[in-house]
Amino acid sequence: MPTTAPHALSDVTASDSTLRRFLHGLPGVDAVGLEARAASLGTRSIKTTAKAYAIDLAISMVDLTTLEGADTPGKVRALGAKAVRPDPTDRMTPATAAVCVYPDMVATAKKAVAGSSVKVASVATAFPAGRAPIAVKLADVREAVAAGADEIDMVIDRGAFLAGNYMKVYDEITAVKEACGTDARLKVIFETGELSTYDNIRRASWLGMLAGADFIKTSTGKVAVNATPANTLLMLEAVRDFRAQTGIQVGVKPAGGIRTSKDAIKFLVLVNETAGEDWLDNHWFRFGASSLLNDLLLQRQKLATGRYSGPDYVTVD
Amino acid sequence: MSDKPEKTEKTDKSERTERLSVFKTYKLYVGGKFPRSESGRVYEVTDAKGKWLANAPQSSRKDARDAVVAARKAFGAWSGATAYNRGQILYRIAEMLEGRRDQYVREVGEAEGLSRSKAAAQVDAAIDRWVWYAGWTDKIAQVVGGGNPVAGPFFNLSSPEPTGVVAVLAPQESSFLGLVSVVAPVVATGNTAVVIASEKAPLPALSLGEVLATSDLPGGVVNILSGRTAEIAAPLAAHQDVNAIDLAGADEVLAKELEIAAADNLKRVLRPQPVDDWTAAPGTERMTAFLETKTVWHPTGSLGASGSSY
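Listed in order, the protein sequences are those of chains A and B.
Just so you know, we're using the numbering used here here: the first sequence kicks off at 42 and counts up by one.
Just so you know, we're using the numbering used here here: the second sequence kicks off at 42 and counts up by one.
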C-alpha cells in the first residue's frame, strides 16, 4: 500500500518535524496582493462565443449538490435526472460532472444516473464537522465506496490542523485515501472559512496534496465563508506549483456561495490564468453548487434565444 | 461724489461671491436604490423650447433585466400584503408628493412647456390620483370579484389576483400625470412594475423615484428606467419573466412589434388607448387589465341535524 507517491517531496512526510518544517517553510501569502489579483482577474469581459463556451464548460463542471437533513430518495432521484439532462428543452446542454450526496443516498443516486457520464460523489468522514473517531470516519468512507460512490469528499480535522498537529491530519487523509481504493477519487475539504489565514490555506493545500488528494476543495458550504475568488486562486497556485515539483496533477473544487454564471466565469478565468488550460476540464476542476446550475441554464437559454428567460423555465429544486 | 458709490459697489461684489448652484444627478430607481445606467450612458434632456435641463441615464437592456429581477423579488411580499396596507402606502406617496409639490410643478412646467398654473393643475391631479387609487386597493375585489350563483351544492367565489411583473411604457406626452395614471393602478392591485419614463421628458418620473423611496413602498415594487423607449421596451416585451405589458407610451409601429414579442410567453397586453385628457376620471379599466380571476369551488351540503344548507 503506497501512502505517498515517490516524488521529489516524498521525504518531507518522513516525520512530524520534517512535515512541520516544510509547511512552515512555504512562502507567506501576500493577502492584499492575492485579493487584488483575484479581483483584477474578475474584471475580464467574457462575451458572445467565449461566454457560450464558458457556460457549457461550467455546466459540465458542476457537482450538483444536495446535503440537507431533509434529503429524500425522491429528491435525490430528481437531482440525478437533472444532472443527466439539465435542460430537457435543449438536448445539446452538457450533463453535469457529478451529483454530490450524503453516503446513505449513494445507492439511490447511482441508480438515478446509471448509464450516463454523471458520477456520484459522496461526502464522508463525519461531514461537515469531521468530529468523529477515525474508525467511524473510515467506516463512513467504506460504506460510501461499497455503495458505488465514484468520488469521496472528505473533511479534514480542522481542530488538529489548527493545533499544529499536521501529522495527524496527514495520516487521516492517507488512511481515507487507502479506504477509497483505486476506483474512487478523493477530494479533500479544508473548510477554508475555518482556517483563519491565507498562510493556513496554503499549508493545508500542500498537506492535502502530499497525502495523496486527487482534488482539493475549499469548503463544505455549511459555514459563513465559503469559496471566494481569493482562496480559490491560492489553491490553484498550489496545484500548479505542486505539479511543477512532483509531476502530479491535482484538481481543485471551490464549493459554496457560487450562485451566478458571472461568478462561475470569473472562477474559470482564474483557472485559465493561474493553473492553465490543463485544468479547464471537469476531471480537474469542479464547482460544488446547487443553485448555480439554474442560473447557468437561464444564461444559456438567453444566449440561444436572444430573450431573457425566467425562473419559470428551470426546475425548482 | 461719484467715485464713492462705485467703490462701495465693488467691495460689495467681491465680498458676496456668487453661490454655485448644485445640479442634481438624475438616476434610475431600481430595487429601491438609485443606480446609474449599467451602460454608463446618459442623454440630454431639454425643455419644450430646446434648452438643456439635465442629463438623464440612458438605460440598456441590462438595466431592464436588473429591474425585472428586482420587481420579481418584490412581488411576493407586495402581492401578499393586505389591501389595506397597500392603500396606506399609496396614500403615503400622495402625502410625500404634496410636500414636494413646488419641485414637481417646476419640473412638469419645464418638461411640458406649461405655465405655472397649468403645471400645478397637472401635479395636483397626479397627487389626487394616488389618493384615488389608494382608496381602490381594498374595494376592487368587491367590484370585480364576488360569489357566483351556480347550479350545484357549492359556494363559488371569484376573487381578483395580481398578474405579476408588469412592464409599463409611460405616456410620452404627459410626463407626470400620465405616468402616475398608468403606474398607480398597476401597483394598487398588488402587481410590481418596471416603468419606462417618457423619452423626451423623463425628469419628473426620475424624481418620483425619490418620493417612492421615502413612502414605505418596498424596494422593487416600482422600478423606473429612462432612455430610448424602443430600446428598453424590446427586451422587456420578450422577457420570459414579465407577465404583462402596458403599451401606453408606444406608437403604432412599436406597439405592434412589442405585442408580437409579448405573445411568446402569453403576456397580457394593454394596447395604447388614446387619451386626450389625463385629468378625466380614469375608471377601473387600468386596474382590471392586470388582474387575473381566481375562482374557488367550495362544496356545501346539509349541515347538522336541522338539514339546513348554505
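Just so it is clear, CB atoms sit at the ideal spot from N, CA and C, and this is done for glycine as well.
| Item | Value |
| --- | --- |
| The stretch 182-192 of chain A contacting the stretch 149-169 of chain A, beta-carbon criterion three pairs below 8 Å | yes |
| Runs of alpha helix (DSSP H) wholly within the stretch 177-249 of chain B (minimum 4 residues, chain order) | 181-185 and 218-229 |
| Helix, strand or coil at D224(A) [DSSP, three-state] | coil |
| Contact list for S4(A) against chain B, beta-carbon separation under 9 Å | No answer is possible for residue 4(A): the residues shown for chain A start at 42 and end at 358. |
| Straight-line gap, R312(B) to E300(B) (C-alpha atoms, nearest Å) | 8 Å |
| Close-in-space but distant-in-sequence residues of the same chain around D97(A) (CB under 8 Å, 5 per side omitted) | T134, P135 and R341 |
| Below-8 Å beta-carbon distance, K203(B) vs any chain A residue | One detail in the question is off: residue 203(B) reads as Pro in this sequence, not Lys. Closer than 8 Å: no. |
| Chain-ordered neighbours of D353(A) on chain B, where CB pairs are closer than 9 Å | Q281, D282 and N306 |
| Reduced DSSP category for K90(B) - H, G, I as helix; E, B as strand; rest coil | coil |
| Proximity of V206(B) and V86(B) at Cβ, strictly below 8 Å | no |
| Beta-carbon spacing of S216(B), V263(B) below 8 Å | no |
| Anticipated Cβ contact below 8 Å, I237(B) with I273(B), distance rounded | 5 Å |
| Contacts that P276(B) makes with chain A (C-beta to C-beta distance below 8 Å) | R348 and Y349 |
| Alpha-carbon spacing of S350(A) relative to N306(B), whole angstroms | 10 Å |
| Span separating the alpha-carbon of L50(A) from that of A108(B) | 54 Å |
| R106(B) at chain A interface by Cβ criterion, 8 Å | yes |
| Sheet register partners of L311(B) (DSSP bridge) | D287(B) |
| L247(B) beta carbon less than 8 Å from that of S267(B) | yes |
| Same chain, Cβ closer than 7 Å to K116(A), five either side skipped, listed in chain order | T107 |
| Three CB pairs or more closer than 8 Å across the stretch 200-211 of chain A and the stretch 57-75 of chain A | yes |
| C-alpha gap between V159(A) and M146(A), whole angstroms | 15 Å |
| Reference W247(A), options G189(A), G110(A), Y211(A) and T356(A), closest by Cα | Y211(A) |
| Coarse secondary structure for N264(B), derived from DSSP in three states | strand |
| Under the three-state DSSP convention, the category Y431(A) falls into | There is no way to answer for residue 431(A), as the model of chain A reaches only from 42 to 358. |
| Secondary structure of I289(A), DSSP reduced to three states | coil |
| Exposed unless 16 or more other CB atoms sit within 10 angstroms - verdict on N189(B) | exposed |
| Nearest to P259(B) (by Cα), restricted to the options A115(B), G121(B) and V310(B) | A115(B) |
| Whole-Å CB distance - V221(B) paired with A167(B), under 8 Å assumed | 4 Å |
| Beta carbon of V252(B) nearer than 8 Å to that of A234(B) | no |
| Sequence ranges, alpha helix (DSSP H) only - wholly within the stretch 102-176 of chain A, length at least 4 | 114-125 and 147-153 |
| L311(A) vs P270(A) beta-carbon contact at 8 Å | yes |
| Under the three-state DSSP convention, the category N126(B) falls into | helix |
| Residue range of the unbroken beta strand (DSSP E) whose run includes E192(A) | E192 to V196 |
| Contact set for S239(B): own chain, Cβ-Cβ below 6 Å, skip 5 residues either direction | A211, Q213 and S216 |
| Simplified DSSP state of P43(A), which is helix, strand or coil | Low local confidence applies: a pLDDT of 44 at P43(A) is under 50, so the model's placement there is unreliable, with the coordinate-based value given in what follows. Coil. |
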